[in-house]
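A.B. asks: Before we start, here is the structure in question, set down as structure tokens.
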Amino acid sequence: MRALASPFRISGFLALTGVLVGLVGCGGAGKGTTAGPAPAGALVYTAPKVVGYQLVRDPASTGTHLVLGLVGPQGTQVRGAVLSLNVDGSMVGWGNPGGSDPYIKEGEVLSLGTGTKLLKSQLSGSTLQAAIFQKGSVAAAPLGSQPILSVALDLKAGAHTGAVSLSSASAQILDAAGATQTITVAVGNLSAQ
Amino acid sequence: MNKTSHFSLRRLVQGLLLALLAAWVVPVQAQNVYWVDAVSGYINYRAINGTGSTTILVTGGVADPDGHLWGIASDANNVYFSDTHGYIGIKPIGIGAATYIDLRGAGLTGAEPAGVATDGQYIYWADPTTGCIGRANIDGTLPDGQSTFESFITGLVSPYSVKVNGSNIFWVTGPNVYTASYSGTTVGTPYFLFTVPTSVLWDLAVESTKIYVADNTNSKIRRATFGGTTSDTLTAALDSFSITTTSSPGSVAVANYVYWGGGAGMGRDLLNGTLAGSDGLGSLGDGVFITSTGWVSGITITNAGTVITLTSFTATPTATQVKVAWQTGSEVDTAGFNIWRSATATGTFSKVNTAVIPANGSGVGGASYSWTDTTVGAGQTWYYKLEDIDSYGASTLHGPVSATVGATSLILSFQATPSDIFLGGGSLLNWTVNGSPALSIAGLGPVSASSLWVAPQTSTSYTLADGLGNQNLTTVNVKPFALLDMPGLSKAWGSSKGDANYNPSYDLNGDGKVDDADVALCFKGL
Chain A
163 MRALASPFRI
173 SGFLALTGVL
183 VGLVGCGGAG
193 KGTTAGPAPA
203 GALVYTAPKV
213 VGYQLVRDPA
223 STGTHLVLGL
233 VGPQGTQVRG
243 AVLSLNVDGS
253 MVGWGNPGGS
263 DPYIKEGEVL
273 SLGTGTKLLK
283 SQLSGSTLQA
293 AIFQKGSVAA
303 APLGSQPILS
313 VALDLKAGAH
323 TGAVSLSSAS
333 AQILDAAGAT
343 QTITVAVGNL
353 SAQ
Chain B
42 MNKTSHFSLR
52 RLVQGLLLAL
62 LAAWVVPVQA
72 QNVYWVDAVS
82 GYINYRAING
92 TGSTTILVTG
102 GVADPDGHLW
112 GIASDANNVY
122 FSDTHGYIGI
132 KPIGIGAATY
142 IDLRGAGLTG
152 AEPAGVATDG
162 QYIYWADPTT
172 GCIGRANIDG
182 TLPDGQSTFE
192 SFITGLVSPY
202 SVKVNGSNIF
212 WVTGPNVYTA
222 SYSGTTVGTP
232 YFLFTVPTSV
242 LWDLAVESTK
252 IYVADNTNSK
262 IRRATFGGTT
272 SDTLTAALDS
282 FSITTTSSPG
292 SVAVANYVYW
302 GGGAGMGRDL
312 LNGTLAGSDG
322 LGSLGDGVFI
332 TSTGWVSGIT
342 ITNAGTVITL
352 TSFTATPTAT
362 QVKVAWQTGS
372 EVDTAGFNIW
382 RSATATGTFS
392 KVNTAVIPAN
402 GSGVGGASYS
412 WTDTTVGAGQ
422 TWYYKLEDID
432 SYGASTLHGP
442 VSATVGATSL
452 ILSFQATPSD
462 IFLGGGSLLN
472 WTVNGSPALS
482 IAGLGPVSAS
492 SLWVAPQTST
502 SYTLADGLGN
512 QNLTTVNVKP
522 FALLDMPGLS
532 KAWGSSKGDA
542 NYNPSYDLNG
552 DGKVDDADVA
562 LCFKGL
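Now the structure itself:
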């Protein structure tokens, strides 16, 4: 807003206004309020076309509330995962996918046991770090179609249409042998429409 | 009891550990009070106000280390004392061993000195056995060009105590006090000053216009006031001053207060005869001033003028050196300090600093000092004394403190388990040692067990010292728990100490198992 008050921006705004007035005066049909990007009303996510760990759209999603599930290769045995996701914070924000944690929801793959669950998230700016692990020597769980965990994105009010940046910064799993392995989580295309 | 029988009785009862003693005093300005304990044969001292512990200055005489010390006098540098086997001892107040004048071996056959005095130029002694008063130069050499010791005043009847004031010599005989003027090598005719009826006087103390006497028979301290003050017309008469003591006094001294000693210890009182308790000394007043003194046969007050309050004095060894450090709370007329060292606590100390360490404190503020001894041998314990010296040359010793240099370390191992911890957790410092050293961990103090649980908030190094100058170091690294540490927590959860999966880093509360309590501590920092 402070930039709009600069002489350069004001003069540019006046010039644009003059053009629009001129267009109207010449019998043109354009209106000044329809010249900018259109406000977005929904989040649209297209899953990556890869085999491996990736974020997929969860059916629990709504128009402005996108739930993404972390899934992995079918049959892979895991005991937990931790990943870090970045998003364009001007367009969307991390939301509650409906679990006990404010930002992540456990899937139906892992057995988190009783007592305090090893399920935790940390939000720093527009970066979300999420972790979910089984406790101790519980047998590793085979991956299927169900997500290991879910996260959610909410479309921000006033967001315009267009592509929304979403990426996975880092990710690890704990495999059946108890070893930590770095994985790549494929992220699809996210846009606001 | 006449003087002869009293003196003989003293020797008789020495074997029974209770001496009946004469007393001999030099009153001077004071910082320390020194006294002869005729039972132990020691010369002891304490601070002038009687506080603190008793320090032994001299342990016995020449012929019999168990006793035979009687009289005592002092100046700013030395304590002078008698050994009734025929010796006069000179012991520096500071560092240095006692030296002895062998009176019998130097011509005074049969000498048995009792009371001792000094006027800063000569040492005087009263000899009741030979009935004379002798003197030597202040350094113990023969006086006045003599080739052998000759008595200064002869023909006296059993003088037990002697005092000098620069112009007159005073002594007691039975109930009477006598004096004689002296100047250089000449001495006037002895004459009677005053008597204390029905008494046997064991000691006297002289100040400017007063003479205090220890009335052993009547358990009192009495006083006479000078009339004429010219030495040859000196007169004195008993005044109304009287202190009733708790036991028969054998010694008396005066220096701002009047002090006396006997079998019940030492007492002191104000010079006006009122209780010293009224000046804030409380129970130290009339009666017992210093207890547990055996039998006090002589008292002297030193004028060691330097006054410091020492708040700490330590000797800290390293592998090859000893750092001697001290801190004063206040300093009055303190010129500087010297460090003295000995291989034994009671041995001969030698000054080890080359130049006096200048004083930096004041009367209202002390200062911190340190001096490093780089000339010590490895594997040996060294003892250090601190000498403070005042502007007038008087000094006072403190200590000793000790340090053992470069000794073989008694610490076999010292480690932190785990060495990497999460914030909110802890680590067990554990060690193994040889023997039973005086272990301490810097910042934590002495430790006696074989382990110690610590929970630092930041990465911390711990130093275990064995008290012999050896140290072992271990470090505990602290970091906040992060979600990337979750795999490790997951694997360790449910394990106990000894299990393959047990990881002490995740056992934050150190209870030997990784459970939800540890999970809670991990998550607390998130």
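Chains A and B supply the protein sequences, listed in that same order. Sequence positions in the first sequence follow the numbering used here and run 163 to 355. Sequence positions in the second sequence follow the numbering used here and run 42 to 567. Ideal placement from N, C-alpha and C gives every residue a C-beta, glycine not left out. Since the model is a prediction, treat every value here as computed from it, not as a measurement.
1. Using 10 angstroms around the beta-carbon of B/Phe193, count the other beta-carbons present and answer buried if the total reaches 16, otherwise exposed.
2. According to DSSP, simplified to helix, strand and coil, what is B/Met527?
3. Kindly indicate if chain A contains any beta-carbon less than 8 Å away from that of B/Phe463.
4. Strictly below 8 Å CB to CB, what residues from chain A border B/Leu351?
5. Once the 5 residues before and after B/Thr415 are set aside, which same chain residues still bring their CB inside 7 Å of it?
6. Please confirm whether A/Pro304 and A/Gln239 have their CB atoms less than 8 Å apart.
7. Listed from N- to C-terminal order along the chain, which residues in the segment 226-239 of chain A have their beta-carbon within a distance smaller than 7 Å of any beta-carbon of chain B?
8. From B/Tyr253, B/Lys532, B/Ile331, pick the residue whose C-alpha is nearest to that of B/Ala277; which is it?
9. If we cut at 8 Å on Cβ distances, does B/Leu530 have a partner in chain A?
10. Determine the chain B residues that contact A/Lys297 at a beta-carbon separation under 8 Å, and present them in chain order.
11. Express the C-alpha separation of B/Pro528 and A/Leu280 in angstroms, rounding to a whole number.
12. Suppose only complete runs of 3+ residues qualify. What are the beta strand (DSSP E) ranges in the segment 437-514 of chain B, listed by chain order?
13. List, in order along the chain, the chain D residues whose C-beta lies closer than 8 Å to that of A/Leu280?
14. Would you mind sorting B/Val232 into buried or exposed? The rule is 16 or more other CB atoms within 10 Å of its CB.
15. Contact between the segment 149-157 of chain B and the segment 122-131 of chain B: three or more CB pairs below 8 Å?
16. DSSP three-state call for A/Ser299: helix, strand or coil?
17. Compute the Euclidean distance between the alpha carbons of B/Thr504 and B/Leu98, then round it to the nearest angstrom.
18. Could you list which residues in chain B have their beta carbon closer than 8 Å to that of A/Leu336, in chain order?
19. Report yes or no: do three or more beta-carbon pairs, one from the segment 483-490 of chain B and one from the segment 204-223 of chain A, lie closer than 8 Å?
20. Check whether the Cβ atoms of B/Ala506 and B/Leu480 lie closer than 8 Å to each other.
21. Nearest-angstrom Cα distance between B/Phe564 and B/Trp381?
22. Which two residues bound the contiguous beta strand (DSSP E) that contains B/Leu549?
23. Among the residues of its own chain, which have a CB less than 7 Å from the CB of A/Gly189, if the five just before and after it don't count?
24. Determine, using beta carbons only, whether B/Asp507 comes closer than 8 Å to chain A.
25. When burial is assigned at 16 or more other CB atoms within 10 Å of the CB, is B/Gly326 buried or exposed?
26. At which residues does the alpha helix (DSSP H) containing B/Asp33 begin and terminate?
27. How about A/Leu232 and A/Ala243: are their beta carbons less than 8 Å apart?
28. Between B/Val218 and B/Phe235, which are expected to be in contact by the criterion C-beta below 8 Å, what is the C-beta distance as a whole number of angstroms?
29. Taking three-plus beta-carbon pairs below 8 Å as touching, is the segment 453-471 of chain B in contact with the segment 545-553 of chain B?
30. So what does DSSP say about B/Ala117, is it helix, strand or coil?
31. Let me check understanding here. Comparing Cα to Cα, which of A/Glu270, A/Met253, A/Gly320 lies closest to A/Gly261?
32. Quick one, which residues of the segment 515-526 of chain B are near chain A if we go by CB-CB under 7 Å, in chain order?
33. Are any of the Cβ atoms in chain A nearer than 8 Å to that of B/Leu549?
34. Using 8 Å as the limit for Cβ to Cβ distance, is B/Asp552 near chain A?
35. Mind checking who A/Trp256 pairs with in its DSSP beta bridge?
36. Is the separation between the beta-carbon of B/Pro290 and that of B/Ile262 shorter than 8 Å?
C.D. replies: In short, the structure shows the following:
1. B/Phe193 should be labelled buried.
2. helix
3. no
4. Residues of chain A passing the Cβ test: none, with the nearest at roughly 57 Å.
5. Gln362
6. Against a cut-off of 8 Å, the Cβ pair of A/Gln239 and A/Pro304 comes out as a contact.
7. none
8. For the options B/Tyr253, B/Lys532, B/Ile331, the alpha carbon positioned closest to that of B/Ala277 is the one of B/Tyr253.
9. yes
10. Ser531, Trp534, Gly535
11. 10 Å
12. 452-458, 461-463, 468-474, 492-495, 501-506
13. Judged by its chain identifiers, the structure shown contains no chain D, and its protein chains are A and B.
14. Here residue 232 of chain B is Tyr; the residue named in the question, Val, does not match the sequence. Around the Cβ of B/Tyr232, a 10 Å sphere holds fewer than 16 other Cβ atoms; the residue is exposed.
15. yes
16. Here A/Ser299 sits in coil by DSSP.
17. 39 Å
18. Pro528, Ser531, Lys532
19. Contact fails between the segment 483-490 of chain B and the segment 204-223 of chain A, because fewer than three Cβ pairs, one in each stretch, are under 8 Å apart.
20. yes
21. 59 Å
22. Element bounds for B/Leu549: n/a, residue is neither H nor E.
23. For A/Gly189, the predicted model reports a pLDDT of 37, less than 50, meaning its position is unreliable; a value from the coordinates is still stated below. Counting only Cβ-Cβ distances below 7 Å, and skipping sequence neighbours, we find nothing.
24. no
25. Note on B/Gly326: pLDDT 40, under 50, position unreliable in the model; no value is reported.
26. Because residue 33 of chain B is not part of the residues shown, which for chain B are 42 to 567, the question remains open.
27. Against a cut-off of 8 Å, the Cβ pair of A/Ala243 and A/Leu232 comes out as a contact.
28. Right, their Cβ atoms sit about 6 Å apart.
29. yes
30. coil
31. A/Glu270
32. Leu524, Leu525
33. no
34. no
35. The partner list for A/Trp256 (beta bridge, DSSP) reads A/Leu315.
36. Taking a C-beta distance under 8 Å as the contact criterion, B/Pro290 and B/Ile262 qualify as a contact pair.
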